[in-house]
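Student:
Residue numbers (the working numbering): 87 to 354.
1) When we look at the beta-carbon of residue 349 and count the other beta-carbons within 10 Å, is it buried (16 or more) or exposed?
2) Mapping the DSSP letters down to three states, classify residue 222 as helix, strand or coil.
3) With DSSP as the reference, label residue 255 as helix, strand or coil.
4) Shortest alpha-carbon distance to residue 186 belongs to which of 178, 159, 179, 224?
5) Using a Cβ-Cβ cutoff of less than 6 angstroms, which residues in the same chain neighbour residue 127 once the five nearest sequence positions on both sides are dropped?
6) My output table needs one value for residue 162: the three-state DSSP class, helix, strand or coil.
7) Considering only residues of the same chain and omitting the five flanking positions on each side of residue 336, which have a CB-CB separation below 8 angstroms?
8) What are the residues that DSSP puts in a beta bridge with residue 281?
9) Ignore the nearest five residues each way along the sequence and tell me which others in residue 291's own chain have a CB closer than 7 angstroms to its CB.
10) Taking the alpha-carbon positions, what's the residue 296 to residue 234 distance?
11) In three-state DSSP terms, what is residue 183?
12) Could you give the distance in angstroms between the alpha-carbon of residue 332 and the alpha-carbon of residue 105?
13) Alpha carbon to alpha carbon, how far is residue 269 from residue 230? Give it in angstroms, no decimals.
14) Under the rule that 16 or more other beta-carbon atoms within 10 Å means buried, what is residue 317, buried or exposed?
15) In the DSSP assignment, the beta strand (DSSP E) including residue 313 goes from what residue to what residue?
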(Lines of atoms letter the chains of each structure in order from A; the text may use other names.)
(Lines give C-alpha, C1' and ligand atoms only; values in the text may rest on other atoms or scores of the structure.)
Protein backbone atom coordinates (compact mmCIF):
# COMPACT_ATOMS: atom_id res chain seq x y z
CA UNK A 87 0.00 0.00 0.00
CA UNK A 88 1.30 3.47 -0.92
CA UNK A 89 0.53 6.81 0.66
CA UNK A 90 -0.11 9.26 -2.18
CA UNK A 91 -0.98 12.95 -1.93
CA UNK A 92 -3.49 14.35 -4.43
CA UNK A 93 -3.34 18.11 -4.90
CA UNK A 94 -6.78 19.14 -6.06
CA UNK A 95 -8.29 15.93 -4.77
CA UNK A 96 -11.77 17.44 -4.54
CA UNK A 97 -11.96 18.50 -8.20
CA UNK A 98 -13.49 16.70 -11.15
CA UNK A 99 -10.45 14.51 -11.87
CA UNK A 100 -9.01 14.64 -8.38
CA UNK A 101 -12.07 12.97 -6.85
CA UNK A 102 -11.77 10.12 -9.33
CA UNK A 103 -8.06 9.71 -8.58
CA UNK A 104 -8.79 9.56 -4.84
CA UNK A 105 -11.56 6.99 -5.36
CA UNK A 106 -9.33 4.78 -7.50
CA UNK A 107 -6.43 4.97 -5.06
CA UNK A 108 -8.68 3.85 -2.22
CA UNK A 109 -10.19 1.06 -4.33
CA UNK A 110 -6.68 -0.21 -5.10
CA UNK A 111 -5.78 -0.31 -1.40
CA UNK A 112 -3.66 2.85 -1.29
CA UNK A 113 -3.96 5.75 1.15
CA UNK A 114 -4.79 9.05 -0.59
CA UNK A 115 -3.99 12.31 1.15
CA UNK A 116 -6.19 15.09 -0.23
CA UNK A 117 -4.51 18.48 -0.51
CA UNK A 118 -7.13 21.20 -0.87
CA UNK A 119 -8.54 24.17 0.99
CA UNK A 120 -11.36 22.00 2.30
CA UNK A 121 -8.81 19.77 4.02
CA UNK A 122 -6.87 22.71 5.43
CA UNK A 123 -4.12 22.95 2.80
CA UNK A 124 -3.99 26.19 0.80
CA UNK A 125 -1.28 26.00 -1.84
CA UNK A 126 -1.75 29.62 -2.94
CA UNK A 127 -1.32 31.39 0.37
CA UNK A 128 -0.84 28.70 3.00
CA UNK A 129 2.13 27.84 5.17
CA UNK A 130 5.02 25.95 3.59
CA UNK A 131 5.47 24.03 6.84
CA UNK A 132 1.88 22.78 6.82
CA UNK A 133 2.28 21.59 3.23
CA UNK A 134 5.50 19.73 4.10
CA UNK A 135 3.71 18.09 7.04
CA UNK A 136 0.81 17.08 4.77
CA UNK A 137 3.03 15.25 2.26
CA UNK A 138 5.34 13.72 4.87
CA UNK A 139 5.50 9.96 4.39
CA UNK A 140 3.98 10.05 0.89
CA UNK A 141 5.60 8.07 -1.89
CA UNK A 142 4.16 10.33 -4.58
CA UNK A 143 2.28 13.58 -5.17
CA UNK A 144 -0.32 13.81 -7.96
CA UNK A 145 -0.96 17.40 -9.04
CA UNK A 146 -4.36 17.89 -10.66
CA UNK A 147 -4.91 21.41 -9.37
CA UNK A 148 -6.81 23.95 -11.43
CA UNK A 149 -7.71 27.58 -10.73
CA UNK A 150 -11.24 28.88 -10.38
CA UNK A 151 -12.61 32.26 -11.33
CA UNK A 152 -12.33 34.32 -14.49
CA UNK A 153 -9.14 36.09 -13.37
CA UNK A 154 -7.23 32.81 -13.47
CA UNK A 155 -8.22 32.24 -17.11
CA UNK A 156 -5.97 35.07 -18.28
CA UNK A 157 -2.33 34.41 -19.08
CA UNK A 158 -1.14 36.44 -16.09
CA UNK A 159 -3.63 34.87 -13.69
CA UNK A 160 -2.93 31.35 -14.89
CA UNK A 161 0.84 31.82 -14.68
CA UNK A 162 0.53 33.18 -11.14
CA UNK A 163 -1.58 30.23 -10.05
CA UNK A 164 0.59 27.49 -11.52
CA UNK A 165 3.90 29.15 -10.62
CA UNK A 166 2.80 29.45 -6.99
CA UNK A 167 1.22 26.03 -6.56
CA UNK A 168 3.76 24.04 -8.57
CA UNK A 169 6.72 25.68 -6.84
CA UNK A 170 5.15 25.03 -3.44
CA UNK A 171 4.43 21.38 -4.21
CA UNK A 172 7.88 20.69 -5.62
CA UNK A 173 9.59 22.38 -2.69
CA UNK A 174 7.47 20.55 -0.11
CA UNK A 175 8.02 17.23 -1.83
CA UNK A 176 11.77 17.78 -1.90
CA UNK A 177 11.85 18.71 1.79
CA UNK A 178 9.65 15.76 2.82
CA UNK A 179 11.57 13.28 0.68
CA UNK A 180 8.70 12.47 -1.71
CA UNK A 181 10.23 10.42 -4.52
CA UNK A 182 7.74 11.01 -7.33
CA UNK A 183 5.82 14.05 -8.59
CA UNK A 184 3.07 13.39 -11.15
CA UNK A 185 1.56 16.37 -12.98
CA UNK A 186 -1.41 16.61 -15.32
CA UNK A 187 -1.18 19.10 -18.20
CA UNK A 188 -3.00 19.85 -21.45
CA UNK A 189 -2.09 18.77 -24.96
CA UNK A 190 -0.89 21.82 -26.88
CA UNK A 191 -0.23 24.03 -23.86
CA UNK A 192 3.44 24.54 -24.69
CA UNK A 193 2.64 25.38 -28.33
CA UNK A 194 -0.17 27.83 -27.62
CA UNK A 195 1.35 29.32 -24.43
CA UNK A 196 -1.36 31.97 -24.12
CA UNK A 197 -4.49 32.52 -22.06
CA UNK A 198 -5.13 29.75 -19.57
CA UNK A 199 -2.63 27.54 -21.41
CA UNK A 200 0.18 29.95 -20.50
CA UNK A 201 0.02 28.74 -16.90
CA UNK A 202 0.06 25.10 -17.93
CA UNK A 203 3.04 25.75 -20.20
CA UNK A 204 4.86 27.35 -17.27
CA UNK A 205 3.99 24.40 -15.05
CA UNK A 206 5.54 22.05 -17.59
CA UNK A 207 8.74 24.14 -17.74
CA UNK A 208 9.04 24.16 -13.95
CA UNK A 209 8.74 20.40 -13.88
CA UNK A 210 11.13 19.72 -16.75
CA UNK A 211 13.72 22.03 -15.15
CA UNK A 212 14.07 19.64 -12.22
CA UNK A 213 17.42 17.90 -12.43
CA UNK A 214 16.58 14.90 -10.26
CA UNK A 215 14.22 13.38 -12.83
CA UNK A 216 11.75 12.32 -10.11
CA UNK A 217 8.70 13.43 -12.07
CA UNK A 218 6.14 12.25 -14.57
CA UNK A 219 4.16 14.53 -16.89
CA UNK A 220 0.91 13.42 -18.51
CA UNK A 221 -0.69 15.67 -21.11
CA UNK A 222 -4.32 15.02 -22.06
CA UNK A 223 -6.96 16.68 -24.19
CA UNK A 224 -10.06 18.32 -22.71
CA UNK A 225 -12.47 16.10 -20.81
CA UNK A 226 -16.00 15.29 -21.94
CA UNK A 227 -17.16 17.27 -18.90
CA UNK A 228 -15.81 20.44 -20.53
CA UNK A 229 -18.93 20.71 -22.72
CA UNK A 230 -21.44 21.23 -19.87
CA UNK A 231 -19.03 23.68 -18.27
CA UNK A 232 -18.93 25.74 -21.45
CA UNK A 233 -22.71 25.53 -21.71
CA UNK A 234 -23.02 27.06 -18.25
CA UNK A 235 -20.38 29.74 -18.81
CA UNK A 236 -21.58 30.72 -22.27
CA UNK A 237 -25.20 31.60 -21.51
CA UNK A 238 -25.72 35.24 -22.47
CA UNK A 239 -26.64 37.62 -19.68
CA UNK A 240 -29.90 39.49 -20.05
CA UNK A 241 -29.61 43.25 -19.74
CA UNK A 242 -30.84 44.56 -16.45
CA UNK A 243 -29.85 45.03 -12.86
CA UNK A 244 -29.72 41.35 -11.95
CA UNK A 245 -27.95 40.19 -15.13
CA UNK A 246 -29.79 36.89 -15.26
CA UNK A 247 -28.52 34.34 -17.73
CA UNK A 248 -30.58 33.71 -20.82
CA UNK A 249 -30.54 29.95 -21.58
CA UNK A 250 -31.77 30.56 -25.14
CA UNK A 251 -28.37 31.71 -26.44
CA UNK A 252 -25.02 30.10 -25.56
CA UNK A 253 -21.68 31.42 -26.79
CA UNK A 254 -18.95 28.79 -27.23
CA UNK A 255 -15.31 29.38 -28.21
CA UNK A 256 -14.52 28.20 -31.72
CA UNK A 257 -12.16 25.24 -31.55
CA UNK A 258 -11.71 21.60 -32.33
CA UNK A 259 -10.85 19.05 -29.68
CA UNK A 260 -10.45 15.33 -29.16
CA UNK A 261 -12.12 14.96 -25.75
CA UNK A 262 -11.21 12.14 -23.41
CA UNK A 263 -13.02 10.55 -20.47
CA UNK A 264 -11.97 11.98 -17.12
CA UNK A 265 -12.30 8.48 -15.66
CA UNK A 266 -9.70 7.15 -18.10
CA UNK A 267 -7.38 10.02 -17.21
CA UNK A 268 -7.77 9.19 -13.52
CA UNK A 269 -6.95 5.54 -14.18
CA UNK A 270 -3.77 6.58 -16.00
CA UNK A 271 -2.70 8.98 -13.24
CA UNK A 272 -3.08 6.28 -10.59
CA UNK A 273 -1.09 3.83 -12.70
CA UNK A 274 1.68 6.39 -13.12
CA UNK A 275 1.70 7.44 -9.46
CA UNK A 276 2.29 3.93 -8.13
CA UNK A 277 5.08 3.31 -10.64
CA UNK A 278 8.55 4.83 -11.10
CA UNK A 279 9.10 8.35 -12.49
CA UNK A 280 8.90 8.37 -16.29
CA UNK A 281 9.28 12.07 -17.17
CA UNK A 282 7.06 13.03 -20.14
CA UNK A 283 4.87 10.11 -21.20
CA UNK A 284 2.84 9.78 -24.38
CA UNK A 285 -0.17 12.08 -24.59
CA UNK A 286 -3.62 10.69 -23.85
CA UNK A 287 -6.58 11.79 -25.99
CA UNK A 288 -10.10 10.71 -26.80
CA UNK A 289 -10.96 8.51 -29.78
CA UNK A 290 -12.62 11.16 -31.99
CA UNK A 291 -12.01 14.73 -33.17
CA UNK A 292 -15.01 16.90 -32.31
CA UNK A 293 -16.15 20.50 -32.79
CA UNK A 294 -16.74 22.01 -29.35
CA UNK A 295 -19.87 23.93 -30.35
CA UNK A 296 -21.41 20.68 -31.57
CA UNK A 297 -20.63 18.97 -28.25
CA UNK A 298 -22.34 21.78 -26.36
CA UNK A 299 -25.41 21.51 -28.63
CA UNK A 300 -25.63 17.78 -28.00
CA UNK A 301 -25.27 18.30 -24.25
CA UNK A 302 -28.01 20.92 -24.17
CA UNK A 303 -30.30 18.77 -26.29
CA UNK A 304 -29.79 15.81 -23.94
CA UNK A 305 -30.69 18.10 -21.04
CA UNK A 306 -33.91 19.13 -22.77
CA UNK A 307 -32.76 22.70 -23.35
CA UNK A 308 -33.74 24.51 -26.51
CA UNK A 309 -30.86 26.93 -27.03
CA UNK A 310 -29.04 28.50 -29.92
CA UNK A 311 -25.31 27.76 -29.71
CA UNK A 312 -23.12 30.39 -31.35
CA UNK A 313 -19.47 29.59 -32.08
CA UNK A 314 -17.30 32.64 -31.38
CA UNK A 315 -13.63 32.94 -32.44
CA UNK A 316 -11.48 33.96 -29.49
CA UNK A 317 -8.94 36.71 -30.19
CA UNK A 318 -5.17 36.50 -30.14
CA UNK A 319 -2.75 33.64 -30.03
CA UNK A 320 -4.91 31.56 -27.70
CA UNK A 321 -7.99 31.65 -29.92
CA UNK A 322 -5.94 31.14 -33.07
CA UNK A 323 -4.29 28.05 -31.60
CA UNK A 324 -7.62 26.51 -30.61
CA UNK A 325 -9.17 27.17 -34.01
CA UNK A 326 -6.25 25.71 -35.93
CA UNK A 327 -5.94 22.45 -34.03
CA UNK A 328 -2.94 23.12 -31.79
CA UNK A 329 -4.86 21.49 -28.93
CA UNK A 330 -5.20 18.25 -30.91
CA UNK A 331 -2.88 15.32 -30.19
CA UNK A 332 -0.13 14.16 -32.51
CA UNK A 333 0.01 10.72 -34.17
CA UNK A 334 2.06 9.35 -31.27
CA UNK A 335 -0.73 9.89 -28.73
CA UNK A 336 -2.56 7.07 -27.03
CA UNK A 337 -6.31 7.08 -27.57
CA UNK A 338 -8.95 6.41 -24.95
CA UNK A 339 -12.02 4.27 -25.50
CA UNK A 340 -15.06 6.31 -24.46
CA UNK A 341 -16.47 8.68 -27.07
CA UNK A 342 -18.43 11.79 -26.19
CA UNK A 343 -21.62 10.01 -27.31
CA UNK A 344 -20.84 7.11 -24.96
CA UNK A 345 -20.21 9.52 -22.09
CA UNK A 346 -23.36 11.50 -22.84
CA UNK A 347 -25.44 8.33 -22.64
CA UNK A 348 -24.25 7.80 -19.04
CA UNK A 349 -25.31 11.27 -17.81
CA UNK A 350 -28.46 11.63 -15.70
CA UNK A 351 -31.47 13.13 -17.41
CA UNK A 352 -32.95 16.37 -16.05
CA UNK A 353 -35.89 16.13 -13.69
CA UNK A 354 -39.24 16.64 -15.44
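Every residue, glycine too, gets a C-beta built ideally from N, C-alpha and C.
Tutor: Considering the structure as presented:
1) Along the chain shown, read from residue 1 onward, the residue named residue 349 stands at position 263. Exposed, by the Cβ-count rule.
2) Mapped onto the chain shown, residue 222 falls at position 136. Strand, per DSSP.
3) In the chain shown, counting from the first residue as 1, residue 255 sits at position 169. Three-state DSSP puts residue 255 in a strand.
4) Indexing the chain shown from 1 puts residue 186 at position 100. Nearest of 178, 159, 179, 224 to residue 186, Cα basis: 224.
5) Here residue 127 refers to the residue found at position 41 when the chain shown is read from its first residue. Contacts found: none.
6) Residue mapping note: residue 162 aligns to position 76 of the chain shown, counting from 1. The answer is helix: DSSP assigns residue 162 an H, G or I state.
7) Locating residue 336 in the chain shown gives position 250, where the first residue counts as 1. Result list for residue 336: 284, 285, 286, 287, in chain order.
8) By one-based count along the chain shown, residue 281 stands at place 195. When DSSP reads this structure, residue 281 sits in a beta bridge with 218.
9) Start at 1 with the first residue of the chain shown, and residue 291 comes out as number 205. Sequence-distant partners of residue 291 (beyond 5 residues in either direction) whose C-beta falls short of 7 angstroms from its own C-beta, in its chain, are 258, 260, 330.
10) Here residue 296 refers to the residue found at position 210 when the chain shown is read from its first residue. Here residue 234 refers to the residue found at position 148 when the chain shown is read from its first residue. Going by the C-alpha atoms only, they are around 15 angstroms apart.
11) Position 97 of the chain shown holds residue 183. Of the three classes helix, strand and coil, the one that applies to residue 183 here is strand, per DSSP.
12) What you label residue 332 is simply residue 246 of the chain shown in a count that begins at 1. What you label residue 105 is simply residue 19 of the chain shown in a count that begins at 1. If I take the Cα positions, the gap works out to 30 angstroms.
13) As a first step, residue 230 is located in the chain shown; it is residue number 144 there, counting from the start. As a first step, residue 269 is located in the chain shown; it is residue number 183 there, counting from the start. About 22 angstroms.
14) To locate residue 317, count along the chain shown from 1; it is residue 231. Exposed is the call here.
15) The residue labelled residue 313 in the question sits at position 227 within the chain shown. Unbroken beta strand (DSSP E) run through residue 313: 310-314.
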